[in-house]
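Undergrad: Got a structure for you, questions after.
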Amino acid sequence: MVETLSIAVIGAPGVGKTSIIRQFIYHDFCEAYTPTRSRYVYRPAVILNGSMYELKVLDVPPISAFPSSTSQEWLDLRCRGVRNANAYILVYDICCVESFEYVKMIRQQIMDNREGSSSSSSEVPILVVGNKRDLQRHRFMPRRAVSVLVKKTWKCGYVEASAKFNWHVILLFKELLCIAVSRGARQNHTSIRLQGALQRNRCTIM
Ligand code: GDP
Numbered sequence: 287m288v289e290t291l292s293i294a295v296i297g298a299p300g301v302g303k304t305s306i307i308r309q310f311i312y313h314d315f316c317e318a319y320t321p322t323r324s325r326y327v328y329r330p331a332v333i334l335n336g337s338m339y340e341l342k343v344l345d346v347p348p349i350s351a352f353p354s355s356t357s358q359e360w361l362d363l364r365c366r367g368v369r370n371a372n373a374y375i376l377v378y379d380i381c382c383v384e385s386f387e388y389v390k391m392i393r394q395q396i397m398d399n400r401e402g403s404s405s406s407s408s409e410v411p412i413l414v415v416g417n418k419r420d421l422q423r424h425r426f427m428p429r430r431a432v433s434v435l436v437k438k439t440w441k442c443g444y445v446e447a448s449a450k451f452n453w454h455v456i457l458l459f460k461e462l463l464c465i466a467v468s469r470g471a472r473q474n475h476t477s478i479r480l481q482g483a484l485q486r487n488r489c490t491i492m
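Here's what the structure looks like:
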């Protein structure tokens, strides 16, 4: 029996959500862009500091807004499981200011619309990820300025990554899981699905 943590990965189209997830789980990167049209759930198992967790990673297709009610979530298949996720990864492209504005909007809506429960809005871990770090010559804002804004004002974690070069991909999941676990954002128990060999103390999947 292991604990399950659900993580919703949200961001504007083309920022690299699927690439980050697939790099994390399969060590795989695809240059071709295939837009995510429906919600996809990945279920890797990870070991973090000696404990095993089953992750339910939701690759959320573009949504115009965070679902404001349970009924809205159930009416829109793309949003299933988004409202009560244990943690959020909000991805933007460091070269695309619009994708940052999208993350800003979604983060505010999470704060406004999360159901008040054991994981209330102020407690739910949110990690903002600036992806495509390999293209940083084209970034729209210095890293330090974004980092200060996200950490100090939004009170979220901030990591820059490159799904293409597998740079900080494991780190970003590890950071998020450490916060989620330490805040006790735990869901139910479920059986393990091992998908390969475990690597100790790394959020690598099997
Ligand atoms: P999603 O719509 O957010 O899921 O985005 P995808 O993961 O499908 O990626 C969109 C496009 O960006 C694809 O062509 C990827 O190859 C590319 N891409 C994703 N991550 C990176 C990255 O870190 N660096 C670069 N240069 N391209 C990336």
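Per this note's numbering, numbering through the sequence shown is continuous, rising by one, with the last residue being 492.
For glycine and all other residues, C-beta sits at the position ideal for the given N, C-alpha and C.
Small disclaimer: the values here were computed from a predicted structure and weren't measured.
Alpha carbon to alpha carbon, what distance is there between glycine 300 and tyrosine 319?
TA: If I take the Cα positions, the gap works out to 7 Å.
Undergrad: Is valine 301 near ligand 3 - that is, is its Cβ less than 7 Å away from at least one heavy atom of it?
TA: Looking at this structure, you won't find ligand 3 anywhere; what it does contain is ligand 1.
Undergrad: So, valine 327 versus valine 343, is the Cβ gap smaller than 8 Å?
TA: Cβ distance < 8 Å, so valine 327 and valine 343 count as in contact.
Undergrad: Measure the alpha-carbon distance for phenylalanine 426 versus threonine 304 and round it to whole angstroms.
TA: Spanning the two alpha carbons is a distance of roughly 22 Å.
Undergrad: With respect to the alpha helix (DSSP H) encompassing valine 432, which residues constitute its N-terminal and C-terminal limits?
TA: It spans 429-434 - the alpha helix (DSSP H) in which valine 432 sits, taken as one unbroken run.
Undergrad: With H, G and I counted as helix, E and B as strand and the rest as coil, what does DSSP make of asparagine 452?
TA: Correct three-state label for asparagine 452: coil.
Undergrad: Below 7 Å, is the gap between the Cβ of glutamate 359 and the nearest heavy atom of ligand 1?
TA: No.
Undergrad: To the nearest whole angstrom, what separates the beta carbons of isoleucine 417 and valine 377, a pair I think is in contact under 8 Å?
TA: Checking the sequence, you will find asparagine at residue 417 rather than isoleucine. Contact flag correct, Cβ pair sits at about 5 Å.
Undergrad: In three-state DSSP terms, what is threonine 356?
TA: Reduced to three states, the DSSP call for threonine 356 is helix.
Undergrad: Could you spell out the range, first to last residue, of the alpha helix (DSSP H) harbouring lysine 418?
TA: First-last for lysine 418: undefined, no H or E at that position.
Undergrad: Would you report the Cα separation of asparagine 335 and phenylalanine 315, rounded to the nearest angstrom?
TA: Straight-line Cα distance between these residues: approximately 27 Å.
Undergrad: With three or more beta-carbon pairs closer than 8 Å as the criterion, would you say the region 347-354 touches the region 392-401?
TA: Yes, the region 347-354 is in contact with the region 392-401.
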